[in-house]
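If you count by the working numbering, then the sequence shown holds residues 113 to 284, one letter each, in order.
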Amino acid sequence: MTDKQKAAQSSATRIPKIRALVVDVDGTLTDGGMYYGAQGIELKKFDTRDAKGMQLLESTGVLICVMTGEDDAPTRARMEKLSIQSYYPGVTDKLQVLEGLVKEWDIEMSEVAFVGDDVNDLASILAVGFSACPNDALPQIIANADYVCNRVGGHGAVREVCELLLKRSGAD
Numbered sequence: 113m114t115d116k117q118k119a120a121q122s123s124a125t126r127i128p129k130i131r132a133l134v135v136d137v138d139g140t141l142t143d144g145g146m147y148y149g150a151q152g153i154e155l156k157k158f159d160t161r162d163a164k165g166m167q168l169l170e171s172t173g174v175l176i177c178v179m180t181g182e183d184d185a186p187t188r189a190r191m192e193k194l195s196i197q198s199y200y201p202g203v204t205d206k207l208q209v210l211e212g213l214v215k216e217w218d219i220e221m222s223e224v225a226f227v228g229d230d231v232n233d234l235a236s237i238l239a240v241g242f243s244a245c246p247n248d249a250l251p252q253i254i255a256n257a258d259y260v261c262n263r264v265g266g267h268g269a270v271r272e273v274c275e276l277l278l279k280r281s282g283a284d
């Protein structure tokens with residue numbers, strides 16, 4: 113367990129009040145792999161525990177947003193199944209989109225939690241009130257995130273963050 117993990121786990125009250133959770137897809141909600149079926153159909157594996165964590169957090173009034181650089185059928189289908197209203201595929205500048213959403217939601221950037229794993233997530237990780245990354249994120253993401261999950265992307269890392277935020281809100 114890293115020092116960041118210990119610090120976050122020992123005192124969830126250090127996490128600011130969060131009103132929105134923004135989550136990356138590839139490498140965060142999935143393991144980052146892109147699988148192809150026999151006829152070239154793209155497949156992705158999502159962890160159901162992550163989905164349940166987002167649903168539990170949303171039930172406390174936290175806005176849930178999923179943002180990804182890719183635009184693919186498997187992710188669209190998963191977001192539709194989960195009824196994710198704030199889904200942004202094909203995003204090239206996540207921070208720019210996030211800044212627009214913060215205005216739309218009428219909240220402060222300090223009230224946003226962001227979970228990501230790769231270089232295209234770094235600007236957002238640096239801008240929000242609380243940032244986290246899967247255990248297998250790129251080194252520069254791990255170095256800059258407020259919290260490094262025990263779990264890897266696609267295997268419950270987002271659920272782990274949701275549990276921290278639920279604990280912070282007293283809803284566990």
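Note that the Cβ used here is the ideal one computed from N, Cα and C, for glycine as well.
Could you check which residue in Asp143, Lys129, Pro128 has the C-alpha nearest to that of Gly228? The alpha carbon of Gly228 has as its nearest neighbour, out of Asp143, Lys129, Pro128, the alpha carbon of Asp143.
Proximity of Tyr148 and Leu141 at Cβ, strictly below 8 Å: The answer is no: Cβ separation not under 8 Å.
In terms of alpha-carbon separation, which member of Arg161, Thr187, Ser198 lies closest to Arg263? Arg263 has its Cα closest to that of Arg161, out of Arg161, Thr187, Ser198.
Got a sec, what are the start and stop residues for the alpha helix (DSSP H) Val134 sits in? Per DSSP, Val134 lies in no alpha helix (DSSP H); the unbroken beta strand (DSSP E) holding it starts and ends at 132-135.
Can you tell me where the alpha helix (DSSP H) holding Val270 begins and where it ends? It spans 269-281 - the alpha helix (DSSP H) in which Val270 sits, taken as one unbroken run.
Under three-state DSSP, which class holds Ser195? In the structure shown, Ser195 falls within a coil segment according to DSSP collapsed to helix, strand and coil.
Any idea which residues DSSP pairs Phe226 with across the strands? DSSP lists Val134, Ser243 as partners of Phe226.
For Ser123, count the other beta carbons within 10 Å of its own beta carbon; 16 or more makes it buried, fewer makes it exposed. Which is it? At Ser123, the pLDDT of 46 sits below 50, so the modelled position is not reliable and the matter cannot be decided from this model.
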